[in-house]
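Have a look at the structure below, then the notes.
2 protein chains.
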Amino acid sequence: MKKVKIYVTLRESILDPQGSAVQGSLHNMGYEEISDVRIGKFLEVQIEESARDIDTIVKEICDKLLTNTVIEDYRYEVEEAN
Amino acid sequence: MKKVKIYVTLRESILDPQGSAVQGSLHNMGYEEISDVRIGKFLEVQIEESARDIDTIVKEICDKLLTNTVIEDYRYEVEEAN
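So this is what it looks like as structure tokens:
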């Protein structure tokens with residue numbers, strides 16, 4: 001069994017209104033040194049051994065369901081599940 | 083300037099209905115080998131140099147605003163921003 005960590009982030013060119021709102025709140029709380037906040041998703045997926053290649057599975061599920069590739073990028077790491 | 087990557091995950095004991103829904107969708111799409119999905123947040127925060135210690139800032143903003151420590155855990159990494 002493998003554990004895959006998937007990091008989904010907005011593309012650089014895409015505005016992040018949620019991140020901007022959080023940054024504004026942090027400024028209001030006195031954290032003036034925070035100059036940028038961007039918010040993405042972090043997914044932990046357990047995948048059992050099968051005939052299919054793990055990289056193929058991860059790329060397919062990211063492209064088809066987990067991310068919107070028009071506005072989001074993703075990267076992932078595969079680990080042995082304990 | 084530092085770039086801080088913050089990973090927010092639901093605690094092990096907390097059910098993740100959003101993750102379960104995604105897992106169900108993946109099964110319906112034919113990815114039977116996916117045995118668990120858990121969804122968290124991934125934040126990238128740029129912090130300018132100040133008199134305050136970077137670890138203190140990150141822990142404070144996580145505890146006060148970014149996470150719900152009753153149901154969520156977090157970990158973070160500090161990098162030099164390029």
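Residue numbers (the numbering used here), protein chains in the order written: chain A, 1 to 82; chain B, 83 to 164. Every residue gets a Cβ at the ideal spot worked out from N, C-alpha and C, and that includes glycine. Please read these numbers as outputs of a predicted model, since none were measured by experiment.
- prompt: From residue 83 of chain B to residue 49 of chain A, what distance separates their C-alpha atoms?
  reply: Along the second sequence, one-based indexing puts residue 83 of chain B at 1. Along the first sequence, one-based indexing puts residue 49 of chain A at 49. For residue 83 of chain B and residue 49 of chain A, the distance between alpha carbons rounds to 43 Å.
message: At the 9 Å Cβ level, is residue 131 of chain B part of the contact set with chain A, yes or no?
response: Along the second sequence, read from residue 1 onward, the residue named residue 131 of chain B stands at position 49. It does; some Cβ of chain A falls within 9 Å.
task: Starting from the C-beta of residue 93 of chain B, find all residues in its chain whose C-beta is less than 8 Å away, skip the five residues before and the five after it, and write them out in chain order.
output: Reading the second sequence from its first residue, position 11 is the one you call residue 93 of chain B. So the list reads 153, 154, 155, once near-sequence residues are dropped.
query: So, residue 85 of chain B versus residue 142 of chain B, is the Cβ gap smaller than 9 Å?
result: Here residue 85 of chain B refers to the residue found at position 3 of the second sequence. Here residue 142 of chain B refers to the residue found at position 60 of the second sequence. Against a cut-off of 9 Å, the Cβ pair of residue 142 of chain B and residue 85 of chain B comes out as no contact.
- prompt: Pick from A/76, A/75, A/69, A/77: whose alpha carbon is nearest that of residue 13 of chain A?
  reply: Here residue 13 of chain A refers to the residue found at position 13 when the first sequence is read from its first residue. Residue A/69 is the option with its Cα nearest to residue 13 of chain A.
- request: Whole angstroms is fine: what's the gap from residue 21 of chain A's alpha carbon to residue 82 of chain A's?
  value: Start at 1 with the first residue of the first sequence, and residue 21 of chain A comes out as number 21. Start at 1 with the first residue of the first sequence, and residue 82 of chain A comes out as number 82. Cα to Cα, residue 21 of chain A sits roughly 38 Å from residue 82 of chain A.
Bridge-paired residues (DSSP) for residue 84 of chain B: Position 2 of the second sequence holds residue 84 of chain B. Beta-bridge pairing links residue 84 of chain B to B/129, B/162.
message: Within 9 Å of any Cβ in chain A, is that where the Cβ of residue 118 of chain B sits?
response: To locate residue 118 of chain B, count along the second sequence from 1; it is residue 36. So yes, residue 118 of chain B belongs to the interface.
query: For residue 37 of chain A, which beta-bridge partners are listed by DSSP?
result: The residue you call residue 37 of chain A lines up with position 37 of the first sequence. The partner list for residue 37 of chain A (beta bridge, DSSP) reads B/127.
- prompt: Are the beta-carbon atoms of residue 26 of chain A and residue 34 of chain A separated by less than 9 Å?
  reply: Here residue 26 of chain A refers to the residue found at position 26 when the first sequence is read from its first residue. Here residue 34 of chain A refers to the residue found at position 34 when the first sequence is read from its first residue. Yes, Cβ-Cβ distance for residue 26 of chain A and residue 34 of chain A is below 9 Å.
message: Closer than 9 Å between beta carbons: that is the criterion. Which residues of the segment 60–74 of chain A meet it against chain B?
response: 60, 61, 64, 65, 66
query: If you check the beta carbons only, do residue 98 of chain B and residue 120 of chain B fall under 9 Å apart?
result: Position 16 of the second sequence, counted from the first residue, corresponds to residue 98 of chain B. Position 38 of the second sequence, counted from the first residue, corresponds to residue 120 of chain B. The answer is yes: Cβ separation under 9 Å.
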